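Enquirer: Those letters in the sequence shown? Residues 32 to 213, per the working numbering, in order. Here a beta-carbon is modelled for each residue, glycine too, at the ideal position from N, C-alpha and C. Predicted model only: the values in this text are computed from it and were never measured.
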Amino acid sequence: MGEIDADDIPRELLAILLRVTWSILLAEQTLTIDVRGLTTHMPPRMVDNRSRESRSRLMSRVRGKDTKPEMVVRRLAHRLGYRFRLHRRDLPGRPDLVFPGRKKVIFVHGCYWHRHSCKLATTPKSNVEFWLTKFRENTRRDKRNLAALHKQGWDCMVLWQCEIERGEGLDDRLTSFLGGGR
Ligand SMILES: [Zn+2]
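1) Can you round the beta-carbon distance between C7 and C142 to whole angstroms, since I take them to be within the 8 Å contact cut?
2) Taking the beta strand (DSSP E) that F130 falls in, what are its first and last residues?
3) Which whole-angstrom value is the C-beta distance of G184 and K150, which I expect to be below 8 Å?
4) So the candidates are W191, S207, E160 and D202; which of them puts its Cα closest to the Cα of K99?
5) Where in the region 168-193 do unbroken runs of the beta strand (DSSP E), each at least 3 residues long, occur, reported from the N-terminal end onward?
6) Can you determine whether any heavy atom of ligand 1 sits closer than 7 Å to the C-beta of L190, and answer yes or no?
7) Give me the Cβ distance between L224 and V136, rounded to the nearest whole Å; I'm assuming they're in contact under 8 Å.
8) What is the residue span of the alpha helix (DSSP H) that H109 lies within?
9) Could you give the C-beta distance for R120 and P126, rounded to a whole number, given that I count them as a contact under 8 Å?
10) Please report how far the alpha carbon of W162 lies from the alpha carbon of H140, in whole angstroms.
11) Would you call the CB atoms of I195 and V129 closer than 8 Å?
12) For the candidate residues R114, T206 and F138, whose alpha-carbon lies nearest to that of G124?
13) Count the other C-beta atoms from every protein chain shown that fall within 10 angstroms of the C-beta of E101, then say buried if there are 16 or more, exposed otherwise.
14) Which residues in the same chain have their Cβ closer than 7 Å to the Cβ of A152, if we skip the five residues on either side of it in sequence?
15) Could you check if L44 is buried or exposed, using at least 16 other CB atoms within 10 Å of its CB as the buried criterion?
16) Report all residues from its chain with a CB closer than 8 Å to the CB of D202; omit the five preceding and five following residues, and keep chain order.
17) Identify, in the order they occur along the chain, each residue of the same chain with its Cβ nearer than 6 Å to the Cβ of R171, setting aside the five sequence neighbours on each side.
18) Hey, quick one: how far does the alpha helix (DSSP H) through F208 stretch, first residue to last?
So this is what it looks like as structure tokens:
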């Protein structure tokens, strides 16, 4: 703290300063911390022991990489140079990505809620009837929305969560659906 006497610093400010100092030291993996004459030695292992998982979660938040299927598709479409709108309320089913100039929409469906024929579409063990009804409503609504969109002249593509997570050929599927001339 240099020449400043810690006793002259208001308690609240000191608390903030200490917190900030802590995070900087942690980030830089500094081993020795000297606060108000009290020296603490931190072995490097202690710093490293911060769970790898929590650190990588932190890092992924820092990088702003959202891995939700919809975000993956958005990023990809953006990278491929397509312009799109999101969730247009005036369209049936509020499609996830709307390409107005091409009159095309993309739905990004979660396999569970929209009942994809894959292993992610499990059924709860209790209240089976309730869930089956709910799922049936979901799939009927999806069909209705697609039909309404077709009727209005929109081309629709449904991308499933499991396909996006596998990621294979996603570029090709987007470009062959959306066409060139971005
Ligand atoms: Zn699936």
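Expert: With the given structure in hand:
1) A query on residue 7 cannot be resolved here, the shown segment of the chain reaching from 32 to 213 and no further.
2) Locating residue 130 in the sequence shown gives position 99, counting from the first residue. L128 to F130 is the extent of the beta strand (DSSP E) around F130.
3) Here residue 184 corresponds to residue number 153 of the sequence shown, with the count starting at 1. Here residue 150 corresponds to residue number 119 of the sequence shown, with the count starting at 1. Beta-carbon to beta-carbon, G184 and K150 are separated by about 36 Å, too far to satisfy the 8 Å threshold.
4) As a working note, residue 99 is residue 68 in the sequence shown. Ranking W191, S207, E160 and D202 by Cα distance to K99 puts W191 first.
5) The qualifying runs are 186-191.
6) In the sequence shown, residue 190 corresponds to position 159, counting from 1. Checking the Cβ of L190 against ligand 1 gives no.
7) The first residue shown for the chain is 32 and the last is 213, placing residue 224 beyond what the model contains.
8) On the sequence shown, residue 109 is found 78 positions in, with the first residue counted as 1. Unbroken alpha helix (DSSP H) run through H109: P100 to R110.
9) Taking the sequence shown and counting its residues from 1, the one referred to as residue 120 is at position 89. Taking the sequence shown and counting its residues from 1, the one referred to as residue 126 is at position 95. Not confirmed; about 10 Å, so no contact.
10) Along the sequence shown, one-based indexing puts residue 162 at 131. Along the sequence shown, one-based indexing puts residue 140 at 109. When rounded, the distance between both Cα atoms is 18 Å.
11) Along the sequence shown, one-based indexing puts residue 195 at 164. Along the sequence shown, one-based indexing puts residue 129 at 98. No, they are not a contact pair.
12) Here residue 124 corresponds to residue number 93 of the sequence shown, with the count starting at 1. With respect to the C-alpha of G124, the residue from R114, T206 and F138 having the closest C-alpha is F138.
13) Your numbering for residue 101 matches position 70 in the sequence shown. So E101 ends up on the buried side.
14) Here residue 152 is taken as the residue at index 121 of the sequence shown, counted from 1. These residues qualify, in order along the chain: C142, Y143 and R146.
15) On the sequence shown, residue 44 is found 13 positions in, with the first residue counted as 1. So L44 ends up on the exposed side.
16) The residue given as residue 202 occupies position 171 in the sequence shown. Same-chain partners within the cutoff: L107 and L111.
17) On the sequence shown, residue 171 is found 140 positions in, with the first residue counted as 1. No residues qualify anywhere along the chain.
18) Here the question's residue 208 lines up with position 177 in the sequence shown. Its alpha helix (DSSP H) spans residues L201 to L209.
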